[in-house]
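Read in my numbering, the sequence shown has 196 at position 199, and its numbers run on one by one without any break.
Glycine included, each C-beta is placed from N, C-alpha and C at the ideal position.
To keep things clear, I will list the structure first and then write my remarks on it.
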Amino acid sequence: MWEWIQEVGELELLPPGFAQYLRVEGDALVIHKFEAMQVSGLFQTPEYAFEVLRRERSEEEARQLVSTRMARQEALEGEDAVHLVVIFDEFALRRPVGNDEVMIGQIQHLINMAKRPEVTLQIVPQQKGAYAGDMGSFTILELADGEILAYEEGHVGGQLFRSRDAVRAFGVRFDLIRGAALSADDSLKLLHEILESYEQAGSDVRPVA
């Protein structure tokens, strides 16, 4: 995938620091990810990804980057699929991106992904209040060579952490967040509830005569 990104010339479209992350993501055997604000790229549908990416880019650039995100999702396919543990803040799933149709497709996609054996999906419910995830999203990657890295993205770019102390701190925070989350089974039930809320909202829209 990294060679493909270089070939199509998309490096200049990526946020500062993210290209470095992509170079190691493909080598990961296990990924632990916490998302506080939106559905993460590895789980996005093309329609959802386009709505996210078009906010600060031209339509052409957004469509190019959608292709990159869909290529990244190939890591979730096949016998050597990466094992992914993802925790979403419930607000990230209820925040509307695009129209109701986009959100219905996205939540249904998450439901399908949550049922896969290599994916563990959990949700921190909105009634939880303050918890360890309030500081924002991050990712921990366990690579094939045994190295463990962490990645955190801000407003103007991302940073890859390699030091043991920093990675350990991210690991402790992930464990605290997971302690605040619903079980995988209860999280799947909540996903169905969120899907029903979007479906209901869509059915309530009536065309203007």
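In this chain, the beta strand (DSSP E) harbouring GLY155 covers 155 to 158. Closest option to GLU22, judged by alpha-carbon separation, among LEU157, PHE88 and LEU185: LEU157.
Judged by their CB atoms, ASP86 and ALA46 are not nearer to each other than the 8 Å cut-off. When the Cα atoms are used, VAL164 and GLU139 turn out to be separated by approximately 11 Å. LYS112 carries a coil assignment under DSSP once its states are collapsed to helix, strand and coil.
Non-local C-beta neighbours of LEU187 in its own chain, meaning closer than 6 Å and more than five positions away in sequence, comprise ILE120, ordered along the chain.
In this structure, VAL36 sits near LEU107, with a CB-CB distance shorter than 8 Å. Contact check for ALA181 and THR117: beta-carbon distance about 6 Å, within the 8 Å limit, so the pair qualifies. PHE31 sits away from ILE191, with the two beta carbons spaced by 8 Å or more. TYR148 sits in a strand when the DSSP states are folded into three classes.
Approximately 6 Å separates the beta-carbon atoms of VAL79 and ILE28; this is inside 8 Å, confirming the contact. When secondary structure is reduced to three states using DSSP, VAL99 falls in the helix class. Going by beta carbons, GLY95 and GLU48 fall inside the 8 Å limit.
The DSSP-derived three-state label of GLU74 is coil. Of all alpha-carbon atoms in ALA89, MET67, THR136 and HIS152, the one lying nearest the alpha-carbon of GLN123 is that of ALA89. Taking the Cα positions, VAL169 is about 13 Å away from TYR128.
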